[in-house]
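Visitor: Each residue of the sequence shown is one higher than the one before, starting from 1 at the first, in this note's numbering.
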Amino acid sequence: MSIKSADLTTSSVTDTTRHVVQEFLAARMAGDVERLVALFADDVDWLLAENPAVPWIRPRSTGAECAAQFTELAEHTVAEDARASVDTFLVDGTDAVLTGYLSGTVRATGKSFEGPFALRLTVEEGRITRHHLYENSVSIAEACTPS
Numbered sequence: 001m002s003i004k005s006a007d008l009t010t011s012s013v014t015d016t017t018r019h020v021v022q023e024f025l026a027a028r029m030a031g032d033v034e035r036l037v038a039l040f041a042d043d044v045d046w047l048l049a050e051n052p053a054v055p056w057i058r059p060r061s062t063g064a065e066c067a068a069q070f071t072e073l074a075e076h077t078v079a080e081d082a083r084a085s086v087d088t089f090l091v092d093g094t095d096a097v098l099t100g101y102l103s104g105t106v107r108a109t110g111k112s113f114e115g116p117f118a119l120r121l122t123v124e125e126g127r128i129t130r131h132h133l134y135e136n137s138v139s140i141a142e143a144c145t146p147s
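(1) From what residue to what residue does the beta strand (DSSP E) around V44 run?
(2) Could you have a look at P99 and say whether DSSP puts it in helix, strand or coil?
(3) If we call anything under 8 Å between Cβ atoms a contact, is R28 one with H76?
(4) At the level of alpha carbons, what is the spacing between M1 and S11?
(5) Could you check whether F40 and A67 sit closer than 8 Å to each other, using their CB atoms as the reference points?
(6) Note the first and the last residue of the continuous beta strand (DSSP E) segment covering G115.
(7) Are V33 and T129 touching if we call contact CB-CB under 8 Å?
(8) Does the contact criterion of 3 or more C-beta pairs under 8 Å hold for the segment 111-120 versus the segment 130-143?
(9) So L98 packs on V86, CB below 8 Å; how close in whole Å?
(10) Tell me which same chain residues have a C-beta within less than 6 Å of the C-beta of S57, skipping the five on either side of it?
(11) Tell me the DSSP bridge mates of F89?
(12) Per DSSP, H19 is paired with what?
(13) Check each candidate in Q69, A64, L90, D42 and name the one with the smallest Cα separation from T14.
(14) Can you give me the C-alpha to C-alpha distance between D92 and T17, rounded to a whole angstrom?
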């Protein structure tokens, strides 16, 4: 059995992607915004469905803006009620996809939100260049809307 150079390169890229995504998840859990800024590239392909009712969801494109989303999320939600579980973590070359379930409570309204999510990340040269999050935006918007 022979291992081709291309196989080693692909494996190395996949390992790097897996490592960066694990670092990203650890920084998210720790609330380490400085580390998140370092993990995001200077320019990021950010996709999160626009949702005017949700104060932490807006267009972003720089690493600093992307990392700030996590601070804004923490400011508007109840930390003790925040839950996220990852059911699947797939890595193929520069791309990673995580699926799972998230829930939380909006501080201003006291309303809860929940639902499945899928997150697609791309890692190039050791930094996250794509962050596409698909989540239950209807549940989140309803939780942000006062009764």
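By construction, the Cβ of each residue, glycine as well, lies at the ideal position given by its N, Cα and C atoms.
A quick note: this is a predicted structure, and the numbers were derived from the prediction, not measured.
Guide: From the atom records:
(1) Secondary structure note for V44: its beta strand (DSSP E) is the uninterrupted segment 40-48.
(2) In the sequence as presented, Pro is not what sits at residue 99; that position holds Thr. Three-state DSSP puts T99 in a strand.
(3) no
(4) The predicted model places M1 with a pLDDT of 47, which falls under 50 and marks its position as unreliable; any figure quoted below should be read in that light. If I take the Cα positions, the gap works out to 17 Å.
(5) yes
(6) 112-124
(7) no
(8) yes
(9) 5 Å between Cβ atoms; contact.
(10) Inspection of the sequence shows that residue 57 is occupied by Ile rather than by Ser. L48, N51, listed in sequence order.
(11) Answer is L98.
(12) None, per the DSSP bridge assignment.
(13) For T14, the nearest C-alpha among the options comes from L90.
(14) 8 Å
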